[in-house]
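First residue of the sequence shown? That's 1 in full-length UniProt numbering, and the numbers climb one at a time after it.
The beta carbon of each residue, even a glycine, is placed where N, CA and C say it ideally should be.
Input: a single structure, listed below in structure tokens.
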Amino acid sequence: MRDPTLTNPQFPYISQSMTDLAHIRNFSIVAHIDHGKSTLADRLIQSTGTVQDRDMKEQMLDAMDIERERGITIKANTVRIDYKAQNGETYVLNLIDTPGHVDFAYEVSRSMRAVEGSLLVVDSTQGVEAQTLANVYQAIDAGHELIPVLNKIDLPASECDRVAEQIEDVIGIDASGAIRVSAKTGVGIPETLEAIVAHLPAPTGDANAPLKAMLVDSWYDSYLGVVVLVRIMDGILKKGDRVRMMQNGSVHGVERIGVFRPKMEKVESLGPGEIGFITASIKQVRDTKVGDTITHDKAPCDTPLPGFKPSVPVVFCGLFPVDSSEFEDLREAIEKLALNDASFSYEMETSAALGFGFRCGFLGLLHLEVIRDRIEREYDIELITTAPSVIYHVFMKDGTMEPLHNPADMPDLTYVDHIEEPRIKATILVPDEYLGDVLKLCQDRRGIQLDLTYAGSRAMVVYDLPLNEVVFDFYDRLKSVTKGYASFDYQMEGYREDLLVKMSILVNDEPVDALSMMVHRDRADMRGRAMVEKLKELIPRHMFKIPIQAAIGGKVIARETLSAMRKDVTAKCYGGDATRKKKLLEKQKAGKKKMRQFGKVDIPQEAFISALKMDS
């Protein structure tokens with residue numbers, strides 16, 4: 001323990017509860033989806049007695065219902081573990097369990113900056129996957145020491161030697177001493193704990209320096225206000241301190257200070273190298289920018305920490321309530337969700353077809369699904385989701401550039417010089433027998449092949465793809481053509497000019513803005529035909545004839561006509577000459593013409609999503 005006589009004129013006392021830096025280890029668990037991160041975290045918590053056996057449950061650190069239901073981690077979660085090593089010393093291990101899915105890579109990068117090392121978990125039956133690579137590169141960028149862990153050795157298909165060789169070939173780190181673990185049965189857990197203590201570096205920091213703490217995460221608690229997760233770099237943070245957020249200059253008094261075990265537990269203070277939480281009557285999560293530096297108000301540190309790059313939404317879509325009277329409830333639900341998710345953005349919008357709603361920005365399609373499911377489940381609001389779209393850069397003839405979030409807002413083409421679309425660099429790892437199908441899928445989506453290498457019997461393909469072609473159902477299609485064996489990861493690569501046009505859908509000569517989309521000119525005819533054919537099946541017949549058209553500007557590129565329901569008005573006519581029947585038919589025809597002119601076509605809600613899922 002630290003010498004309690006250590007003093008500082010600014011901070012006259014140091015809490016006895018502080019741990020010596022040499023006895024702290026901060027680490028995260030990184031891996032591809034389903035390689036066993038959360039299960040390994042459960043075993044580490046259980047084997048050290050942090051949680052009693054009777055209180056243990058699967059995915060101990062995953063608090064949200066949707067995380068448990070889908071079996072995925074969405075939010076990075078932290079826990080403090082006390083471990084008595086074989087050398088007789090007691091160590092404090094701060095573990096951060098991170099998500100594996102590409103949409104939540106922002107959570108991973110954030111967690112990496114708060115720790116010094118990582119356990120690299122690889123499934124010994126499947127080997128290195130795309131997201132394994134992405135997360136390893138993030139860990140290396142953050143300067144981490146890596147410990148390879150081969151998981152699922154209890155399965156008959158486990159091939160530890162082959163996978164260790166693959167780690168060395170693909171990633172380039174020594175895996176000869178990789179720890180062999182079964183997180184499910186607990187085999188290899190003691191060796192993992194010893195390796196953490198022996199191989200991961202202890203944190204550095206100076207308790208006598210002015211306070212410098214990194215704001216790792218923040219979320220809203222209805223009882224405590226905003227809870228802030230912090231990693232102390234230098235100095236000491238105590239209850240009652242006045243602290244300042246260096247980015248926005250706001251000052252708060254620390255009311256509560258503690259650690260997660262994994263339940264909240266109060267402590268007197270946090271010192272260098274420690275990870276814990278504070279509450280300070282902060283009302284809005286927006287006041288606590290992730291990556292900000294927290295310091296003492298009266299004795300601040302000289303320079304703030306470099307922080308993180310802010311998360312940038314890449315996929316946009318409209319969320320509208322099925323029942324327009326629930327708009328205010330939807331506003332409240334979205335505001336509450338935004339409190340807990342800094343990477344989710346929203347603004348109000350209106351649609352002629354759908355009424356009032358919100359244009360929302362997400363990090364990817366899974367992020368979109370999670371937010372939509374949470375609104376429907378936690379707030380009991382039925383939603384219509386418009387077509388996911390990306391941000392285009394529209395360059396006008398006067399030299400200005402306007403970002404385009406919603407295809408319905410496309411400016412007049414006579415003023416537009418050119419349009420640029422976002423591109424991504426996609427890395428796909430796939431068994432050799434499915435390579436042809438994957439290459440065809442990428443070519444169909446206007447992809448440009450950059451690289452093709454082999455790691456054993458698996459091919460690693462790198463493609464330059466338009467994000468617009470990926471956001472809707474690329475991942476589903478990839479999984480189906482490879483029977484689920486391919487793994488996919490991407491990163492943004494910037495913008496490039498292409499021949500893009502806005503395709504509008506008109507139903508009964510009225511544009512339906514929720515169905516308008518940006519398409520490549522060469523594929524517009526095909527997409528337009530597929531869309532109108534699908535809508536013809538989905539829209540119920542009315543008493544009048546309904547034309548359904550796809551148009552680019554003023555030019556119609558595809559059309560289908562939904563025939564009218566017909567009442568037999570001549571049924572009661574018997575006898576007499578033909579003019580009586582003719583008169584009734586003419587009257588009916590005039591009525592239908594008038595009806596078509598003033599009639600409103602009701603498009604059912606399910607038609608919107610079904611029409612967009614045509615790309616099979």
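Per the DSSP calculation, residue i is bridged to which residue(s)?
i, result
"V230", "L215 and G276"
"P511", "L506"
"F27", "L95 and G117"
"P300", "DSSP, once it has assigned bridges, lists no residue as partnering P300."
"T579", "T579 pairs with nothing; no bridge assigned."
"D451", "V462"
"residue 618", "What is shown of the chain runs 1 to 616, which leaves residue 618 out entirely."
"N468", "According to DSSP, which records beta bridges pairwise, N468 is partnered with nothing at all."
"S402", "Going by the sequence as given, residue 402 is Glu instead of Ser. V394, per the DSSP bridge assignment."
"residue 618", "Lying outside 1 to 616, the shown extent of the chain, residue 618 is not represented and no answer is given."
"Q491", "K425"
"L150", "V122 and R180"
"H418", "F395"
Given that a residue counts as buried once 16 or more other Cβ atoms are within 10 Å of its Cβ, and exposed if not, what is residue i?
i, result
"R286", "exposed"
"Q138", "buried"
"M112", "buried"
"N151", "buried"
"P388", "buried"
"V312", "exposed"
"L452", "exposed"
"V170", "buried"
"N508", "buried"
"Q597", "Its pLDDT being 49, under 50, Q597 is placed unreliably by the model, and the measurement read from it follows with that caveat. Exposed."
"G205", "buried"
"Q449", "exposed"
"Q131", "buried"
"F11", "Here F11 scores only 33 on pLDDT, less than 50, and its place in the model should not be relied on; the value that follows carries that caveat. Counting Cβ neighbours within 10 Å, F11 comes out buried, since at least 16 surround it."
"E382", "exposed"
"S616", "Summary for S616: the model assigns pLDDT 42, below 50, so the residue's position carries little reliability, and this model does not support an answer."
"L404", "buried"
With distances taken from CA atoms, which of the options is nearest residue i?
i, options, result
"G253", "R261, A578, L478 and G240", "G240"
"H35", "V121, L95, G49 and Q247", "V121"
"D82", "A550, K534, V197 and S324", "V197"
"V216", "S457, V227, K397 and A455", "V227"
"A207", "V187, G273, A590 and V115", "G273"
"A280", "V251, P306 and D297", "V251"
"L270", "D498, K534, K212 and Y454", "K212"
"V471", "I391, E510 and L450", "I391"
"R318", "P306, P304, Y485 and I334", "One detail in the question is off: residue 318 reads as Gly in this sequence, not Arg. G318 has its Cα closest to that of I334, out of P306, P304, Y485 and I334."
"R354", "A85, F27, G88 and P511", "In the sequence on display, residue 354 carries Leu and not Arg. The option with the nearest alpha carbon to L354 is P511."
"E89", "E165, L193 and R43", "L193"
"S516", "V312, E533, M503 and D509", "M503"
"N94", "R261, S38 and E159", "R261"
"M233", "I384, T98, E420 and P304", "P304"
"V128", "P306, A299, R458 and G276", "R458"
"D259", "I96, V438, L40 and E493", "The sequence shown places Val at residue 259, rather than the Asp named in the question. V259 has its Cα closest to that of I96, out of I96, V438, L40 and E493."
"V187", "E165, D174, L155 and P306", "L155"
"L133", "S218, I173 and M214", "I173"
"A209", "C301, M492, L368 and E433", "C301"
"E560", "D577, A164, E165 and L538", "L538"
I believe residue i touches residue j by the beta-carbon criterion, under 8 Å. Please report the beta-carbon distance rounded to the nearest angstrom.
i, j, result
"C442", "L413", "Not quite, the Cβ-Cβ distance comes to about 30 Å (not below 8 Å), so this is no contact."
"V416", "G364", "Going by Cβ atoms, the distance from V416 to G364 rounds to 28 Å, so no, they are not a contact pair."
"S118", "H144", "5 Å"
"M245", "I294", "6 Å"
"L200", "R25", "5 Å"
"residue 619", "R180", "Residue coverage of the chain in this structure runs from 1 to 616, which leaves residue 619 outside it and unanswerable."
"V501", "I548", "At roughly 19 Å, the Cβ-Cβ gap does not stay under 8 Å, so V501 and I548 are not in contact."
"V430", "V461", "7 Å"
"L478", "V438", "7 Å"
"P411", "V394", "6 Å"
"N135", "A41", "Wrong, their Cβ atoms sit about 15 Å apart, outside the cutoff."
So, residue i versus residue j, is the Cβ gap smaller than 8 Å?
i, j, result
"G447", "R162", "no"
"I282", "G225", "yes"
"E421", "R523", "no"
"I371", "F362", "yes"
"A22", "A202", "yes"
"A514", "M531", "no"
"R541", "M565", "yes"
"V267", "I257", "yes"
"I557", "G528", "yes"
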